[in-house]
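Have a look at the structure below before the remarks.
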Amino acid sequence: MYKNYCNQLEQQKQPQQEKMSDLAELWTRLNGAKYPDECKSLLKQCLTQEMFDQLKDKKTSLNGTLADCIRSGAKNLDSGVGLYACDPEAYTTFKPLFDAVIKMYHKVDTINHPKPDFGDISKLDFGDLDPSGDMIVSTRVRVGRSHDGYSFPPCSNKEARVDMLKKTEEACSQLPGELAGKMYHLQGMSKADEQQLIDDHFLFKNDDRFLGDAGGYADWPVGRGIFHNPKKTFLVWVNEEDHLRFISMQMGGNLGEVYKRLVNGIQELEKKLTFAKKDGYGYLTFCPTNLGTTCRASVHIKIPKLSKLPEFKDFCEKLNLQPRGIHGEHTESVGGVYDISNKRRLGLTEYEAIQEMRKGVEEIIKKEKSLLKDIDCGKPAFADDIALLALSPVALQSLLDTCYIYSREWKFEFSCSETDILIIWSGRVVTKCPCKWSFAQEQIEIGISKIHLGVFTMSKMKNTEAVNTCNKGRKSLHGLFWICNFKRTRIHSQTYYCMKPLFPSALYGSELWANMTLIYKFPHVMFNITP
864 MYKNYCNQLE
874 QQKQPQQEKM
884 SDLAELWTRL
894 NGAKYPDECK
904 SLLKQCLTQE
914 MFDQLKDKKT
924 SLNGTLADCI
934 RSGAKNLDSG
944 VGLYACDPEA
954 YTTFKPLFDA
964 VIKMYHKVDT
974 INHPKPDFGD
984 ISKLDFGDLD
994 PSGDMIVSTR
1004 VRVGRSHDGY
1014 SFPPCSNKEA
1024 RVDMLKKTEE
1034 ACSQLPGELA
1044 GKMYHLQGMS
1054 KADEQQLIDD
1064 HFLFKNDDRF
1074 LGDAGGYADW
1084 PVGRGIFHNP
1094 KKTFLVWVNE
1104 EDHLRFISMQ
1114 MGGNLGEVYK
1124 RLVNGIQELE
1134 KKLTFAKKDG
1144 YGYLTFCPTN
1154 LGTTCRASVH
1164 IKIPKLSKLP
1174 EFKDFCEKLN
1184 LQPRGIHGEH
1194 TESVGGVYDI
1204 SNKRRLGLTE
1214 YEAIQEMRKG
1224 VEEIIKKEKS
1234 LLKDIDCGKP
1244 AFADDIALLA
1254 LSPVALQSLL
1264 DTCYIYSREW
1274 KFEFSCSETD
1284 ILIIWSGRVV
1294 TKCPCKWSFA
1304 QEQIEIGISK
1314 IHLGVFTMSK
1324 MKNTEAVNTC
1334 NKGRKSLHGL
1344 FWICNFKRTR
1354 IHSQTYYCMK
1364 PLFPSALYGS
1374 ELWANMTLIY
1384 KFPHVMFNIT
1394 P
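Mapping the sequence shown onto the working numbering, position 243 (from 1) lands on 1106, and the numbers just tick up by one.
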């Protein structure tokens, strides 16, 4: 069944005694951890002594053992799942354990995954989920695939990874139309290509300890590659976690376009490549959490009001959606933006999964708008009712970086034709002068028009730089705010520039904006610019 097993087997055989010794140590560590205080992974919950005794001497035709499957979970007792398949046969050889984990994670009573069905993409009943562009920042749909005839990372080797990369590159080189692009090998990659992939957020790394202990980074970076088209809307990752990850993505909320592109890419590559699958289980993957459709459809969406509610996670759970930070699992939200994706992968078709995600996101948008009905997002808002003291240029830049996330053109709706600054000292205007500063290597003009003081900038700052700067400032968010009452103090220890910026509608929805409007309601916006 697996045509390359014989060659791989000879290169990967380990003495059975060594394997068993390793397994004994892993089991002792896992079994000795107290549940749930020291370990509460699904592996810990499912692998009983009786089951361990039943499976400990079994192995797959590639010499894959129980040790290969539980190594990461035993070494990392804080794992959520803790179980990886050593090769496609693991789902059969170690069936009692894998079935127990699969049922618990996917919340199914029986494992009976249907045949693949992507629906008729020429007759989709959905398109752009956010035509106004006010809430959804970007949309992404991906699937995982495993080459038939090859083992997974714990039992793979350098030659197999190189061979898989070669086959994938050959298949991708024949992609038509908008799918056509170029494969970049991580091994021997030029500094220019590497930096570009980092800037594009395409370059995967080898810094996940859970995946590393499961064998995911062996022979790094040999056999790894990234393919993408010129528009960077279709990608293929080779030997990152799974053998293959197919990704379709673009800015905005047009789920219809993203889904169609992905399905077209899968269908084209299926003409050249054969993928591992199993009746009732769907497409087989390294981690059992991705089993079945392997489909993850997600949006980065601004939901500052809904996400603040105590019942936010329960609301998503009822819609079979999973919320997480925009930088991946176990990360925090940035400025009220969340990554929202479908939670179910197993027991439904690809088309049903995408529809479930679509309907759930529509409900989230509806709920967010109901919480915001008292705010007019279409008009700029004056900052007369808030007090903000930026304690340093970095603090001011943090505010501007937040605006960057929410503004496609990165500009305030403010005319700064006269760049005069009012310097407030002892509660009165003593002078005014033109001035320009540079924050984070960007020119920021702070000045006054005939009506309002404000901030104006046209930035060329790259997205990664803005986000990183914003994150650093956000760690000390409360340090940016300070109650300043002119009527009470009248005299300040330092020179302040009192400004009433005209915030753009793009700023609406940010974490800073939410904090200011809900908590800090004072008469002035204060920026403390220290020399």
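Positions of the beta carbon are idealized from the N, C-alpha and C atoms, including for glycine. The structure displayed is predicted, hence computed values, not measured ones.
Apart from the 5 residues on each side of it in sequence, T1152 sits with its Cβ closer than 7 Å to the Cβ of V944 and Y968 in its chain, given in chain order. If you look at S1233, you'll find it isn't in any beta strand (DSSP E); it sits in the alpha helix (DSSP H) that goes E1213 to L1234. DSSP, read as helix, strand or coil, puts Q1130 in helix. When DSSP states are grouped into helix, strand and coil, M967 belongs to the helix group. Annotation for T955: the continuous alpha helix (DSSP H) segment containing it runs A953 to T956. Judged by beta-carbon spacing, R934 lies within the 8 Å limit of D1076, meaning their Cβ atoms are closer than that value. With a 10 Å radius around the Cβ and a threshold of 16 neighbouring Cβ atoms, H1163 comes out buried. Rounded to the nearest angstrom, the Cβ distance from R1207 to E1225 is 17 Å, too far for a contact under 8 Å. Contact between E1231 and M998 is confirmed by a C-beta separation of about 7 Å, below the 8 Å threshold.
In this structure, DSSP gives F1097 an extended state, which the three-state scheme calls strand. By the C-beta density criterion, P1167 is buried, having at least 16 other C-beta atoms within 10 angstroms. Of G1128, C1158, V1200 and H1010, the smallest CA-CA separation from P951 is found for H1010. Annotation: the continuous alpha helix (DSSP H) that includes Q912 extends over Q912 to L918. D1202 is not a Cβ neighbour of R1221, given a cutoff of 8 Å. Three or more beta-carbon pairs separated by less than 8 Å are not found between the segment 1116-1128 and the segment 958-972, which leaves the two stretches without contact.
Counting of Cβ neighbours within 10 angstroms places H1064 among the exposed residues, the total staying below 16. Of the candidates I984, K897 and I974, the residue whose Cα lies closest to the Cα of E1120 is I984.
With contacts defined as CB atoms closer than 8 Å, T955 and L886 fail to qualify as a contacting pair. Boundaries of the beta strand (DSSP E) harbouring Q1113: L1107 to M1114, taken from the DSSP string. In this structure, the beta-carbon distance from G1086 to N1102 falls below 8 Å.
In this chain, V1006 is not harboured by any alpha helix (DSSP H); it is covered by the beta strand (DSSP E) spanning I999 to R1008. Cβ-Cβ separation between G1044 and F1090: approximately 6 Å, consistent with a contact (criterion under 8 Å). If only uninterrupted beta strand (DSSP E) runs of at least 3 residues are considered, those enclosed by the segment 1016-1075 are 1045-1048. Taking every protein chain shown into account, the CB of N975 has fewer than 16 other CB atoms within 10 angstroms, so this residue is exposed.
Here F961 is actually not in contact with E1213; their C-beta atoms are around 22 Å apart, not less than 8 Å. Comparing alpha-carbon positions, the option among G1155, M1114 and S1053 lying closest to S995 turns out to be M1114.
G1088 has its alpha-carbon roughly 4 Å from the corresponding atom of H1048.
Under the 10 Å beta carbon count, L1042 is surrounded by 16 or more other beta carbons and is classified as buried. Closest in alpha carbon position to G1223, among L1234, C932 and F1178, is F1178. In this structure, the straight-line span from the alpha carbon of E1104 to that of T1096 is close to 21 Å.
Put simply, the backbone Cα of D1070 is about 11 Å away from that of W1083. Note on A1139: 16 or more other CB atoms within 10 angstroms of its CB, so buried under the neighbour-count rule.
Contact between A1216 and C1158 holds, with the beta-carbon distance rounding to 5 Å and staying under 8 Å. By the criterion of a C-beta distance shorter than 8 Å, G1143 is surrounded in its chain by I974, N975 and H976, once the five residues flanking it on both sides are discounted.
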